[in-house]
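Chemist:
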Amino acid sequence: MLLHLDDLSKIYGVDCGRCLELTGDGTGSPICPQCGSVVAVNRVSLRVEEGEIIGVVGESGSGKSTLLQLIYQDQPVSHGAVYFNGITDRSGRPQNILALPPTRIAWLRNHEMSMIYQNPHRGLNFDFSAGGNIAEKILGTGERRYQVIRERSLHFFGKIEMPQSRIDNYPETFSGGQQQRIQIAKALSSSPRLLLLDEPTTGLDVSVQARILDLIKALQQEMGFSMIVVSHDLGVINHLTDMTMVMKDGSLVEYGLTDQILEDPQHPYTQLLVSSKL
Amino acid sequence: MSRFSLTFGFFDEDAKKEIRRAMLKAVALPGYTVPFASREMPIARGWGTGGLQLTLSLITEEDCLKVIDQGCDGSVNAVNIRDFILSVTGVEETMDTRQATVIQTRHRIPEHPLQAGQILVYQVPIPEVLTAVEPDTARQKQMHANLDYAKLWVLLYEDTSQFGDSRMSSRYPVVVNDHFAMDPSPIPRYDIPRLDNNPALQLFGAGREKRIYAIPPYTRVRPLVFADRGFAVEDFGDRVCERCGAAGVFLDQLYRADGVHYYCSDSFYCDSQLDEAQNAAPSR
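First to last, the protein sequences are chains P and X.
Heads up: the first sequence begins at 891 in this note's numbering, then just goes up one per residue.
Heads up: the second sequence begins at 42 in this note's numbering, then just goes up one per residue.
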């Protein structure tokens, strides 16, 4: 077990105490009728094994991206716990990472997890060169030897099929698909155990999409990290993932093998989702 | 009372107390920038008001004052600041680095080694070392709290990959006491190794930015450099000061119609070298 989410919830607004039970699956809305707070993620539990690839699907506003941000600690969690393999307290029991001091959360983000955002502007620093962006992640792991950092940057820059001569160019000189690939190189340069992908190919044309998905898949097979892929594109989910979870109004409504979910959906919303595929 | 009906050192006692407390906190947390209520001064902000406020708050009747600007005792700003401090305190003035107890400086450390008991007050334009990589002050504070200086290292990485070394000629980032990264004010690289383990108390004041920070005596100060790279200071080759003949000191470049000339940046050091040469010469 690499990652364990235990009853994770995120409420935007004041929690009236009944927000969680009055919203989510079956109520038809993520907005609490009593206090008006928005429940973006409602009591989601999930286990991710080493090397496993999990897809998250659902309509816009169903809480997919928020779920990733809760795992990556971009957003504070309202309720619940997150356990990460190897993070234990003094007596060796698994420790909730939400209770960790900021320096250890920073360590976790630098060493064990990486996030790839839909918009390269969030994942890359446009004031730094492509190589500088990759170096930032490597420096975050505590490496302080220039030669090692340079060689690792060049190595991962090569992995995303970019000519090494372009490593010192700035992100705005690259195309959208190339920027996304640089994000992948940056995310993988710390050799993380968990990669979080938030709509990694949305907004790219189909041929570039396919190449980036193939690249991600090849690198995953080579390096063996686990992935959580958020996408509203069932094609992406089908291509990449082993397991799929379906979200609706902040709740997890269906979870199972990707093939099974796409071929034989059980929940009415999943049936709608699969049948609406163009 | 002096001929002016002002309190000693221009400030009222409450103002001095506030600035002294900020200084004490700065000394207790080496390299940490402490906010303070920067006062209106008779000179404009950005012209040395930070250093001036520190000097005026810590100076006593027994002190002996030296003020330099880029190493020179005689430049207009140094003279004006010194005249002002003398007019509101009546303390003794000197150009001799070895005699001074309080030295206010802009962008240089005097060539003569400082001694225990001396105080070096720097005038600082930009106190926050992270300004170059993170404009948001709240984020800067978080980065300091987490000792997250990856972005500073990225600047160093980018310069090293494109130019072979950092391009920073002054304001080179340092790490104080193996903890906080700090802006050492725009001193040249030559002065960076001289911050380390210095017997004098080094205080930094930024009047416009309202920050005070400090390096206590004998504190470890290291420039930010990669583990497999060295730190290079300015290379003057085999040039010497054309006036006093000093070698191995920080030299000013002067461009004139007949070419480039090199002189000591520290004017008192240059004078003292000439004096020594004169005294050593056989008298007739």
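Yeah, the Cβ is synthetic: ideal placement off N, Cα and C, and Gly gets one too.
Listed from N- to C-terminal order along the chain, which residues in the region 969-1000 of chain P have their beta-carbon within a distance smaller than 7 Å of any beta-carbon of chain X?
Modeler: Within the region 969-1000 of chain P, the residues whose Cβ lies closer than 7 Å to some Cβ of chain X are 992, 993 and 996, listed in chain order.
Chemist: Verify the CB distance criterion: does residue 42(X) have a CB-CB separation below 8 Å to chain P?
Modeler: Caution is warranted here: a pLDDT of 46 is assigned to residue 42(X), below 50, making its placement in the model unreliable, and no coordinate value can be reported.
Chemist: Could you give the uninterrupted runs of the alpha helix (DSSP H) lying entirely in the region 70-135 of chain X, keeping only those of 4 residues or more?
Modeler: With a minimum length of 4 residues, the continuous alpha helix (DSSP H) runs that stay inside the region 70-135 of chain X are 90-99 and 117-130.
Chemist: In this structure, how does DSSP classify residue 42(X) when only helix, strand and coil are distinguished?
Modeler: In this prediction, residue 42(X) scores a pLDDT of 46, lower than 50, which makes its location untrustworthy; no coordinate-derived value is stated.
Chemist: Note down the Cα distance separating residue 926(P) from residue 891(P), rounded to an integer number of angstroms.
Modeler: Approximately 37 Å, taken between the alpha carbons.
Chemist: Using a Cβ-Cβ cutoff of less than 6 Å, which residues in the same chain neighbour residue 67(X) once the five nearest sequence positions on both sides are dropped?
Modeler: The residues are 75, 253, 254 and 255.
Chemist: Should residue 905(P) and residue 935(P) be called a contact, given that it needs their Cβ atoms to be closer than 8 Å?
Modeler: Result no, Cβ atoms of residue 905(P) and residue 935(P) do not sit closer than 8 Å.
Chemist: If you follow the beta strand (DSSP E) that residue 932(P) is in, where does it begin and where does it stop?
Modeler: Counting along the chain, the beta strand (DSSP E) containing residue 932(P) begins and ends at 928-938.
Chemist: Does the distance from the CB of residue 968(P) to the CB of residue 1027(P) come in under 8 Å?
Modeler: For residue 968(P) and residue 1027(P), no; Cβs fall outside 8 Å.
Chemist: DSSP puts residue 899(P) in a beta bridge; with which residues?
Modeler: Bridge partners of residue 899(P): 969(P).
Chemist: Is the Cβ of residue 191(X) closer than 8 Å to any Cβ of chain P?
Modeler: True, the Cβ-Cβ gap to chain P drops below 8 Å.
Chemist: At the level of alpha carbons, what is the spacing between residue 996(P) and residue 227(X)?
Modeler: Roughly 31 Å between the two C-alpha positions.
Chemist: Residues of chain X with CB closer than 7 Å to the CB of residue 1039(P), please, in chain order.
Modeler: Those are 198, listed as they occur along chain X.
Chemist: Examine chain X for any beta-carbon lying closer than 8 Å to the beta-carbon of residue 1026(P), and answer yes or no.
Modeler: Yes, its Cβ sits closer than 8 Å to a Cβ of chain X.
Chemist: Anyone know if the C-beta pair for residue 1074(P) and residue 1039(P) falls short of 8 Å?
Modeler: No, these two residues do not count as a Cβ contact at 8 Å.
Chemist: Is residue 98(X) closer than 8 Å to residue 61(X) when the C-beta atoms are compared?
Modeler: Cβ atoms of residue 61(X) and residue 98(X): closer than 8 Å.
Chemist: Less than 8 Å between the C-beta atoms of residue 1162(P) and residue 1136(P), yes or no?
Modeler: Taking 8 Å as the Cβ cut-off, residue 1162(P) and residue 1136(P) do not qualify as a contacting pair.
Chemist: From this set, 103(X), 313(X), 187(X) and 146(X), which residue's C-alpha is nearest residue 131(X)'s C-alpha?
Modeler: Of 103(X), 313(X), 187(X) and 146(X), the residue nearest in Cα terms is 103(X).
Chemist: Can you name, in chain order, every residue of its own chain whose Cβ lies under 6 Å from the Cβ of residue 1140(P), other than the five neighbours on each side?
Modeler: Taken in chain order, the residues that qualify are 914, 920, 929, 930, 931, 932 and 953.
Chemist: Would you mind telling me which residues of chain X sit closer than 8 Å to residue 1055(P), beta carbon to beta carbon, in chain order?
Modeler: Correct list: empty, because the minimum Cβ distance to chain X is about 12 Å.
Chemist: Report the option in 250(X), 242(X) and 229(X) whose CA atom is closest to the CA atom of residue 142(X).
Modeler: Closest by alpha carbon: 242(X).
Chemist: Does the CB of residue 222(X) have a neighbour CB from chain P at under 8 Å?
Modeler: It does not; no Cβ of chain P falls within 8 Å.
Chemist: Which residues bound the alpha helix (DSSP H) around residue 1104(P)?
Modeler: Start and end: 1096-1113.
Chemist: Just by C-beta distance, which residues in the region 199-217 of chain X are closer than 7 Å to chain P?
Modeler: Listed by position, the residues of the region 199-217 of chain X near chain P (Cβ gap below 7 Å) are 199, 201, 202 and 203.
Chemist: Could you tell me if residue 55(X) is buried or exposed, where buried requires 16 or more neighbouring beta carbons within 10 angstroms of its beta carbon?
Modeler: Residue 55(X) should be labelled exposed.
Chemist: Grab me the residues of residue 42(X)'s own chain with a C-beta within less than 8 Å of its C-beta, minus the 5 sequence neighbours each way, in chain order.
Modeler: Only weak support exists for where residue 42(X) lies, its pLDDT of 46 falling under 50; the value from the coordinates is given anyway. If we look at residue 42(X) and ignore the five residues flanking it on each side, it has no Cβ neighbours.
Chemist: Please state if the CB of residue 1066(P) and the CB of residue 1102(P) are separated by a distance shorter than 8 Å.
Modeler: Taking 8 Å as the Cβ cut-off, residue 1102(P) and residue 1066(P) do not qualify as a contacting pair.
Chemist: Check the DSSP bridge columns for residue 146(X) and list the partner residues they point to.
Modeler: In DSSP, residue 146(X) forms a bridge with 109(X) and 163(X).
Chemist: Would you mind listing the alpha helix (DSSP H) stretches within the region 182-234 of chain X that are 4+ residues and don't spill past its ends, in chain order?
Modeler: DSSP runs (the alpha helix (DSSP H)) wholly in the region 182-234 of chain X: 191-204.
Chemist: Am I right that residue 976(P) and residue 1114(P) are in contact with their C-beta atoms under 8 Å? What's the rounded C-beta distance?
Modeler: In fact, because the Cβ distance is near 16 Å, the residues do not count as touching under 8 Å.
Chemist: Answer yes or no: does any C-beta atom of chain X fall closer than 8 Å to that of residue 1019(P)?
Modeler: Taking Cβ atoms only, chain X reaches closer than 8 Å to residue 1019(P), which makes this a yes.
Chemist: What does residue 195(X) reach in chain P if we use C-beta pairs closer than 7 Å?
Modeler: Ordered by position in chain P, the residues that pass the 7 Å Cβ test against residue 195(X) are 1018, 1022, 1025, 1026 and 1029.
Chemist: For chain X, is any of its Cβ atoms less than 8 Å away from the one on residue 964(P)?
Modeler: No, residue 964(P) lies away from the interface with chain X (no Cβ there is under 8 Å from its Cβ).
Chemist: Relative to the alpha-carbon of residue 159(X), which residue among 168(X), 138(X) and 171(X) has its alpha-carbon at the smallest distance?
Modeler: Nearest C-alpha to residue 159(X): 138(X).
Chemist: Which of helix, strand or coil does DSSP assign to residue 316(X)?
Modeler: In the structure shown, residue 316(X) sits in a helix (DSSP, three-state: H, G or I).
Chemist: Could you list which residues in chain P have their beta carbon closer than 7 Å to that of residue 267(X), in chain order?
Modeler: In chain order: 1034, 1035 and 1036.
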